[in-house]
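Q: Sending over a structure as structure tokens; questions will come in a sec.
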Amino acid sequence: MSCVAVLRCLGAHCPRSPHRQFSSFLLNRSIQENGELKIESKIEEIIEPLREKIRDLEKSFTQKYPPVKFLSEKDRKRILITGGAGFVGSHLTDKLMMDGHEVTVVDNFFTGRKRNVEHWIGHENFELINHDVVEPLYIEVDQIYHLASPASPPNYMYNPIKTLKTNTIGTLNMLGLAKRVGARLLLASTSEVYGDPEVHPQSEDYWGHVNPIGPRACYDEGKRVAETMCYAYMKQEGVEVRVARIFNTFGPRMHMNDGRVVSNFILQALQGEPLTVYGSGSQTRAFQYVSDLVNGLVALMNSNVSSPVNLGNPEEHTILEFAQLIKNLVGSGSEIQFLSEAQDDPQKRKPDIKKAKLMLGWEPVVPLEEGLNKAIHYFRKELEYQANNQYIPKPKPARVKKGRTRHS
Ligand SMILES: NC(=O)c1ccc[n+]([C@@H]2O[C@H](COP(=O)([O-])OP(=O)(O)OC[C@H]3O[C@@H](n4cnc5c(N)ncnc54)[C@H](O)[C@@H]3O)[C@@H](O)[C@H]2O)c1
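So this is what it looks like as structure tokens:
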């Protein structure tokens, strides 16, 4: 029996006694207290879920950023990454942020995306600036990783004049900045400076075989002159430069529909479409995983090697091997479709990385299958994301050269 019920009983048995008055006083008080208790518990019921939400919010706030090392002022560098919201640049941002440096990303979002670096926005060591490197930039930094440039054929051929301006005026601006603030600059150059190579594998002392007026010249020649500018600034102005000649790279955040062989095969396999192989598929390609490249870039920046260094994976696979491997890893029922051979499709492309091994102690370590699995996982998630946003990218045909399609 509850306390209130006991008091009610007492009052009923002795109607006029002082006992009754006392018990009715107790009864009233108890009813009042009981009411208050009920209100309190109601309020508690409403408040508890709110408290839980606040706890979750606090948790998500403190766990918002990936773990970042603490570096003392003397070891912490102020680092600028141009093109830092792109595929390679965003992975480089992750590495340098997690190593404890202060990173400023400059990007005009031509091919880059805020989503690639959004996980750092708000972090005290991170800044994102929407800026075109064709315009001068005035900031204080210790190192500049100059990556800003469209990198895939459809992107750099979309506006060849802009590609040229980015690689020439943009590079001059960044070298000017490096000179003013005494920063070291690393240029993200490319294996395309070797053009359609006549030597295999390509080592750094090969001068290349580039058509200066072809459709790809805006990129190939743009990067070649960017290298020339670096060495002119080094000789004339004493700017410390590093030049990385980057070979084909793949991984999460790469562009899904730029017509390159890895992205094409993954998209086709995931969408249940035939994997298109041009010719017999016996031509070979070599791809490095993006984390290997990032480690190479950081090693080169912090080395004393000022001459160009190849960064790539020399492990060659035939195009057909790539198609079969990707099909199996995706678990796709897609067929492999053979299309007519492209006339000028290079039969081989392979970096010579002896210099990087010897002078940087660097070589790629991520096995192809492991890297492909990560890229497939990313593409799968992206397709889901795109589907939710009503946009499904279609694999593009391999890139066009002299009117013919070819593998890149
Ligand atoms: N990915 C590869 O396989 C590869 C191979 C060789 C060389 N590279 C070089 O590495 C660098 C990065 O390539 P990626 O694959 O990450 O390409 P990406 O297109 O993903 O990244 C390039 C970034 O530069 C930005 N950018 C372009 N023009 C700019 C401008 N004028 N001002 C400011 N930002 C600008 C883009 O918005 C993008 O974020 C490029 O310089 C490219 O030439 C890449």
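Residue numbers (the UniProt record's numbering): 1 to 408.
Backbone N, C-alpha and C define an ideal beta-carbon position, used for all residues, glycine too.
Please read all numbers here as calculations on a predicted model, not as lab measurements.
1) Rounded to whole angstroms, what is the Cα-Cα separation between C218 and E52?
2) Compute the Euclidean distance between the alpha carbons of I139 and V105, then round it to the nearest angstrom.
3) Considering only residues of the stretch 254–279, which uninterrupted alpha helix (DSSP H) runs meet the minimum length of 4 residues and lie entirely inside it, listed in chain order?
4) Would you mind working out which of E204, R184 and H200 sits nearest V193, comparing C-alpha positions?
5) Quick one, are the C-beta atoms of R216 and P136 less than 8 Å apart?
6) Do V225 and T163 have their beta-carbon atoms positioned less than 8 Å apart in this structure?
7) Which same chain residues, not among the five before or five after P212, have their C-beta less than 7 Å away from its C-beta?
8) Assuming G251 and K374 form a contact by the criterion Cβ under 8 Å, report the distance between their Cβ atoms to the nearest whole angstrom.
9) Note down the Cα distance separating T405 from V261, rounded to an integer number of angstroms.
10) Going by beta carbon distance, what residues of the same chain come within less than 8 Å of Y206, once the five residues before and after it are set aside?
11) Within the same chain, show all residues whose beta-carbon is closer than 6 Å to that of N116, passing over the 5 residues directly before and after it, in chain order.
12) Any contact between the stretch 286–306 and the stretch 360–369? By contact I mean 3 or more CB pairs, one from each, below 8 Å.
13) So R224 is in the alpha helix (DSSP H); what residue range does that whole segment cover?
14) Grouping DSSP H, G and I as helix and E and B as strand, with all else coil, what is V243?
15) First and last residue of the alpha helix (DSSP H) that includes Q386?
16) Assign T82 to one of three DSSP states: helix, strand, or coil.
17) CB D258 to CB N155, shorter than 8 Å?
18) With hydrogens ignored, establish whether the beta-carbon of D220 is closer than 7 Å to any heavy atom of ligand 1.
A: Looking at the atomic coordinates:
1) 57 Å
2) C-alpha separation (whole angstroms): 12 Å.
3) DSSP runs (the alpha helix (DSSP H)) wholly in the stretch 254–279: 261–270.
4) E204
5) no
6) no
7) Result list for P212: E221, in chain order.
8) 6 Å
9) In this prediction, T405 scores a pLDDT of 42, lower than 50, which makes its location untrustworthy; no coordinate-derived value is stated.
10) Y194, P197 and V199
11) A85, S90 and R253
12) yes
13) A217 to E237
14) strand
15) L368 to N388
16) Secondary structure at T82: strand, using DSSP grouped into helix, strand and coil.
17) yes
18) no
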